[in-house]
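Numbering (the working numbering), first residue to last: 1 to 207.
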Amino acid sequence: MKLYVAPRAPNPRRVTLFVAEKGITGLDIVQVDLGATEHFGAPFRARSPYAKVPVLELDDGRHLSESRAICSWLEGLHPQPNLMGEGFEERAFIEMADRQVELYFFGTVANAIRHTHPGLAPLEQPQFAEFGASQGRKLREIARQLDEQLARQPYIAGGRFTIADITALCALDFARGLLKFRAGDEGFAHLQAWRDRMAERPALRAG
Numbered sequence: 001m002k003l004y005v006a007p008r009a010p011n012p013r014r015v016t017l018f019v020a021e022k023g024i025t026g027l028d029i030v031q032v033d034l035g036a037t038e039h040f041g042a043p044f045r046a047r048s049p050y051a052k053v054p055v056l057e058l059d060d061g062r063h064l065s066e067s068r069a070i071c072s073w074l075e076g077l078h079p080q081p082n083l084m085g086e087g088f089e090e091r092a093f094i095e096m097a098d099r100q101v102e103l104y105f106f107g108t109v110a111n112a113i114r115h116t117h118p119g120l121a122p123l124e125q126p127q128f129a130e131f132g133a134s135q136g137r138k139l140r141e142i143a144r145q146l147d148e149q150l151a152r153q154p155y156i157a158g159g160r161f162t163i164a165d166i167t168a169l170c171a172l173d174f175a176r177g178l179l180k181f182r183a184g185d186e187g188f189a190h191l192q193a194w195r196d197r198m199a200e201r202p203a204l205r206a207g
């Protein structure tokens with residue numbers, strides 16, 4: 001199988017960290033140059049009609065896109081260590097946590113960056129600076145909610161590391177890199193402590 005990713009892009013990183021946490025080997029990693037707009041070209045659009053990374057090319061020639069769908073496929077092939085839930089009840093609560101992080105935290109970070117960062121201007125036209133700034137303010141409201149959540153439990157979805165932690169980590173690091181958002185500097189001590197613990201995971205150190 002081939003996994004199409006892009007350097008520094010947060011959604012491909014979600015999948016590569018998932019792969020690393022699983023200890024999956026044998027995937028052929030293919031880098032897509034977003035800066036050169038390679039993803040808009042016909043060859044890549046044949047794999048991903050919406051011109052998005054990541055994409056997993058299966059051995060039978062089919063293409064699977066969307067980070068969580070790819071992770072679901074990989075979880076099915078490599079059930080352990082489990083990252084998406086054992087049984088319907090745990091799966092539902094982990095999916096809830098993951099979707100909330102993706103929609104409210106990750107999405108807000110992405111909107112702030114896409115509409116305020118000059119480096120994203122060639123890829124995000126038109127940029128709406130006022131909207132981007134408002135998303136930057138909203139980011140702090142959501143970070144506060146996560147901080148309060150992590151004051152009550154050690155991980156995003158509860159008592160153990162799951163895919164929800166991977167999604168939150170990639171969102172937080174995306175904000176740190178391009179928005180200069182530092183959880184500790186913003187007063188979110190629990191969120192920062194969680195990030196510090198994530199930094200000690202072998203998969204993160206390797207990636």
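Ideal Cβ placement from N, Cα and C applies to all residues, glycine included.
Quiz item: When you compare only the Cα positions, how much space is there between P202 and L17?
Solution: 10 Å
Quiz item: How about A143 and F174: are their beta carbons less than 7 Å apart?
Solution: no
Quiz item: At a cut-off of 6 Å, is E75 close to the ligand ADP when judged by its beta-carbon and the heavy atoms of the ligand?
Solution: No copy of the ligand ADP appears in this structure; indeed no ligand is present at all.
Exercise. Identify every residue that forms a DSSP beta bridge with E57.
Key: K2 and H63
Quiz prompt | Contact set for L34: own chain, Cβ-Cβ below 6 Å, skip 5 residues either direction | solution = A6
Quiz item: In three-state terms, what does DSSP make of Y155?
Solution: strand
Quiz prompt | Nearest-angstrom Cα separation, counted from E102 out to A129 | solution = 22 Å
Quiz item: Can you tell which of L191, A69, E21 and E141 has its C-alpha closest to the C-alpha of E95?
Solution: A69
Exercise. With a threshold of 16 other CB atoms inside 10 Å of the CB of P49, please say whether the residue is buried or exposed.
Key: Around the beta carbon of P49, fewer than 16 other beta carbons lie within 10 angstroms, which makes this residue exposed.
Quiz item: What is the residue span of the beta strand (DSSP E) that V30 lies within?
Solution: D28 to Q31
Quiz item: Going by the beta-carbon positions, is the gap between I156 and A97 smaller than 7 Å?
Solution: A Cβ-Cβ contact shorter than 7 Å links I156 with A97.
Quiz item: By DSSP, does E90 sit in helix, in strand, or in coil?
Solution: Here E90 carries a helix assignment [DSSP, helix/strand/coil].
Self-check item: Test item: CB-CB of V15 and P43 under 7 Å
Solution: no
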